[in-house]
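Numbering (full-length UniProt numbering), first residue to last: 1 to 243.
Glycine included, C-beta positions come from ideal geometry on N, C-alpha and C.
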């Protein structure tokens, strides 16, 4: 079942989409879409998560003041978001808080994102003590590596295409160092010869380094679902100890 969650914050009206399972679940997944905003692709991801027993919210992190109808508009929107990473982190935390105010408490929370949304999910995982997992699919890694990691309880999974022109080798090396230095639980998977947007069916612009890969899509989703199952089991074990 899909419903809309509309909240107004300092950046305007944000219209999130909530996908609920048929039964009661203790887990909420936050989905951060690509720079193009919420689309049929993210809705299918939400439905797949529903099939695993998770409620899901697709986060509208751009808001109504943003024009995403053109490449130029998307580029401008992305630049505005990444111009100040401290502000971006605060923005993401505010959106999460507003969503929680609408939906109520969940015992287990995780996030996943694609492209620019992958960058967002990592940043939220670095500051939010409630997130149990943060999963990035072909996400950007261009965040300042001097930003503090404010929590250590999240498990990170970064799924990257080695032929992604939007992620440099230097950014990869610096990201690995960042997670090591902050002693965070992170797995980095690189799919050889794989371009940007490898998990999005229909992506096909090889000249720009963008191409869907059925193999990388299947493997990355399997890795993601393994981590989701892992944190769910860990949460159940923790509840058992507290009982």
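Checklist entry - So residue 159 and residue 136 are in contact, right, with Cβ under 8 Å, and what is the actual spacing, rounded? => result If you number the chain shown from 1, residue 159 lands on position 159. If you number the chain shown from 1, residue 136 lands on position 136. Indeed, because the Cβ distance is near 6 Å, the residues count as touching under 8 Å.
Item to check | Integer Cβ distance of residue 254 from residue 55, believed to fall under 8 Å | outcome: Absent from the model: residue 254. The displayed extent of the chain is 1 to 243, so no value can be given.
Checklist entry - Helix, strand or coil for residue 85 per DSSP? => result Translated into positions along the chain shown, residue 85 becomes position 85. Helix at residue 85.
Next on the checklist: At the level of alpha carbons, what is the spacing between residue 187 and residue 234?
Outcome noted: One-based indexing of the chain shown puts residue 187 at position 187. One-based indexing of the chain shown puts residue 234 at position 234. Approximately 17 Å between the Cα atoms of the pair.
Checklist entry - How about residue 108 and residue 27: are their beta carbons less than 8 Å apart? => result Your numbering for residue 108 matches position 108 in the chain shown. Your numbering for residue 27 matches position 27 in the chain shown. Result yes, Cβ atoms of residue 108 and residue 27 sit closer than 8 Å.
Checklist entry - In this structure, does DSSP put residue 244 in helix, strand or coil? => result Because the chain here runs from 1 to 243, residue 244 falls outside it and cannot be looked at.
Next on the checklist: Give me the residue from 224, 199, 206 with the minimum Cα distance to residue 216.
Outcome noted: Here residue 216 refers to the residue found at position 216 when the chain shown is read from its first residue. Answer by Cα proximity: 199.
Checklist entry - According to the neighbour-count rule (16 or more other Cβ atoms, all chains shown, within 10 Å of its Cβ), is residue 210 buried or exposed? => result Taking the first residue of the chain shown as 1, we reach residue 210 at position 210. That one is buried.
Checklist entry - Tell me, which residues are paired with residue 155 by DSSP? => result To locate residue 155, count along the chain shown from 1; it is residue 155. Residue 155 pairs with 133, 185.
Next on the checklist: Closest to residue 206 by C-alpha separation, out of 8, 89, 98, 166, would be which residue?
Outcome noted: Sequence index remark: in the chain shown, residue 206 carries index 206 (1-based). Looking at the Cα atoms, 166 is the closest of the given residues.
Checklist entry - What's the call for residue 144, buried or exposed, on a 16-neighbour Cβ count within 10 Å? => result If you number the chain shown from 1, residue 144 lands on position 144. Result: exposed.
Next on the checklist: By alpha-carbon positions, which one of 22, 53, 91, 43 ends up nearest to residue 11?
Outcome noted: Here residue 11 refers to the residue found at position 11 of the chain shown. Minimum Cα distance to residue 11 is reached at 91.
Item to check | 8 Å Cβ cutoff met for residue 176 and residue 111 | outcome: Position 176 of the chain shown, counted from the start, is the residue given in the question as residue 176. Position 111 of the chain shown, counted from the start, is the residue given in the question as residue 111. Their beta carbons are not under 8 Å apart, which means residue 176 does not touch residue 111 by this criterion.
Checklist entry - Where does residue 178 fall in DSSP's three states? => result The residue labelled residue 178 in the question sits at position 178 within the chain shown. Residue 178: helix per DSSP, three-state reduction.
Item to check | Own chain residues within Cβ distance below 6 Å of residue 154, not counting five before or after | outcome: Along the chain shown, one-based indexing puts residue 154 at 154. Result list for residue 154: 125, 131, 134, in chain order.
Next on the checklist: Excluding the 5 residues flanking residue 179 on each side, which residues of the same chain have their C-beta closer than 6 Å to its C-beta?
Outcome noted: Position 179 of the chain shown, counted from the first residue, corresponds to residue 179. Around residue 179: 186.
Item to check | Per-residue DSSP class, three states only, for residue 198 | outcome: By one-based count along the chain shown, residue 198 stands at place 198. Residue 198: coil per DSSP, three-state reduction.
Checklist entry - Hey, how far is the Cα of residue 51 from the Cα of residue 230? => result The residue given as residue 51 occupies position 51 in the chain shown. The residue given as residue 230 occupies position 230 in the chain shown. Going from the Cα of residue 51 to the Cα of residue 230 covers about 17 Å.
Next on the checklist: Does residue 23 come out as helix, strand or coil in the three-state DSSP assignment?
Outcome noted: By one-based count along the chain shown, residue 23 stands at place 23. Three-state result, residue 23: coil.
Item to check | Nearest-angstrom Cα separation, counted from residue 43 out to residue 14 | outcome: Counting from one through the chain shown, the residue named residue 14 turns up at place 14. Counting from one through the chain shown, the residue named residue 43 turns up at place 43. If I take the Cα positions, the gap works out to 17 Å.
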